[in-house]
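Sequential numbering of the sequence shown, starting at 1, is according to the UniProt record's numbering.
For each residue, glycine too, the CB sits at the ideal point set by N, CA and C.
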Amino acid sequence: MKLDVNVLRYLSKDDFRVLTAVEMGMRNHEIVPCELIDRIARLKHGGTYKVLKNLLKHKLVHHDSSKYDGFRLTYLGYDFLAIKTLVNRGIFSGVGRQLGVGKESDIFEVVKEDGTVLAMKLHRLGRVSFRAVKSKRDYLRHRSNYNWLYLSRLAALKEFAFMKALEEHGFSVPQAVDCNRHCVIMSLVPGYPLVQVKELQNPDVVFETIIGAVIRLAEHGLIHCDFNEFNIMIDDDEKVTMIDFPQMVSVSHPNAQMYFDRDVECIYKFFAKRFNMSFEENENNSDGSEVEIDEIGRPQFSEINKNSGFLDKELAASGFTRKDQAELEKAWGFLILLCHAAPQHYFFQPESLGLGHLSLKELTEGDLEKHSDSDDEGTGDDEDEEDEADINN
Ligand code: ADP
Ligand code: MG
């Protein structure tokens, strides 16, 4: 997605006031009625309508008149709200080049006043799915009203909380700097994703470090769930940094064993193929650790001492709640279903999503319906009044 931050410069206070009003209205409306936006924004002389036109021109809001005249935020509009908040907080002052396009995120460089460069991850849950939804109207009729902005905010909150906790426990992860809405600011990791690395001086050492990290994570009560060559960064000194945490689960998750084995398997496969490593004769743990291994050396989930760390429980108390986790898991299940509904719109396979908290067998079309139905609550007038009260706070 193009992020033309120059537009930010031309947006006035009133523009942001109306954009914020749309955001507030979206708490209980998928499409926010124009009158409600006007009531929340309280601009004089019908100013809201003029501003909405300007926001629409810059694609910060989307107009929908299918049921009534209203607007919703676009991801770009949400980006601008997050960026403005973080700039106001003094976290950074400029946005630079795009660093990466993830499955459901965009990563940019951002610069602080003093020239320090950081990384900004904008979560975009459902981005790929929007396309699929459009092309499969019949299949997905009335089922696409997931609140993706809200879910992206949850994903960002989770990623930030996990990154911070992992860093505090000595894991090699980016430093978590700040988080607002669907946006996480972290330190810039030098180097490249492992998938781009063709040669290593010490593939054995790098391999042991990576597998060691998976084991240590589990000992701390966590499983990455998308631990592969795309989410491991390597710098020129072959230092390993892991990234991308919104899909992590606790070792007490019902599918924990499967996720752990899959993370381990991904690493074994990649190193065997890319660096011609052979695991057949691996009889001992070369790193001297005490974790049980199978006949070709893979660590066994059942043998890991999961009582030594309580990071999963600590995190449950970090502001990212169990309910948030459940909602995110449902959304990821929904994404997987969409992949199957319109696979031609995905440049990845559902299996490689790493988002499989709910296995496909567990999900049915009925679930899909149920999830989206539950978003329709709360359109009462009382809530509108609450929105109006809030904007001046
Ligand atoms: P997704 O969840 O969409 O896969 P990732 O967090 O894996 O997003 O990021 C996508 C890509 O962006 C990564 O593969 C990497 O190239 C780049 N990237 C992400 N975080 C950083 C960072 N902190 N520093 C440098 N590059 C990063
Ligand atoms: Mg990734």
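Asked: Cβ separation of Leu222 and Val251, assumed to be a contact under 8 angstroms, to the nearest whole Å; Found: 7 angstroms
Asked: Spatially closest choice to Asn305 from Asp324, Leu217, Asn228, Asp261, by CA coordinates; Found: Leu217
Asked: Enclosing alpha helix (DSSP H) for Thr321 [first to last residue]; Found: Premise fails: Thr321 is in no alpha helix (DSSP H) and is neither H nor E.
Asked: The alpha helix (DSSP H) enclosing Leu151, as first and last residue numbers; Found: 148 to 168
Asked: CB of Val7 within 9 angstroms of CB of Val22, strictly; Found: no
Asked: Any non-hydrogen atom of the ligand ADP closer than 8 angstroms to Lys269 Cβ; Found: no
Asked: Distance between beta carbons of Arg124 and Ser105, contact taken as under 8 angstroms; Found: 6 angstroms
Asked: Burial state of Arg9, where buried means 16 or more other Cβ atoms lie within 10 Å; Found: exposed
Asked: Min CB distance His182 to chain D below 9 angstroms; Found: Checking the listed chains, one finds no chain D in this structure; it contains a single protein chain.
Asked: C-beta atoms of Glu159 and Val197 nearer than 9 angstroms; Found: no
Asked: According to DSSP, residues forming a beta bridge with His224; Found: Answer is none; His224 lacks a bridge partner.
Asked: 9 angstroms Cβ cutoff met for Leu118 and Ile91; Found: yes
Asked: Near the ligand ADP: Met24 beta-carbon under 8 angstroms from a heavy atom; Found: no
Asked: Assigned exposure category for Asn180 - 16 Cβ within 10 Å defines buried; Found: buried
Asked: Identified DSSP bridge partners for Phe260; Found: In the DSSP output, where bridge partners are listed per residue, Phe260 has none listed.
Asked: Phe160 CB to nearest heavy atom of the ligand MG below 8 angstroms; Found: no
Asked: Option nearest His224 by Cα separation, candidates Ser152, Pro190, His29, Asp244; Found: Asp244
Asked: Contact test: Asp244 Cβ vs the ligand MG heavy atom, cutoff 8 angstroms; Found: yes
Asked: Close-in-space but distant-in-sequence residues of the same chain around Met277 (CB under 7 angstroms, 5 per side omitted); Found: Pro203, Phe207, Phe271
Asked: C-alpha distance - Phe275 paired with Met233, whole-angstrom precision; Found: 16 angstroms
Asked: 9 angstroms Cβ cutoff met for Leu36 and Gly46; Found: no
Asked: Given Gln247 as reference, the closest of Asp79, Phe162, Val195 once Cα atoms are compared; Found: Phe162
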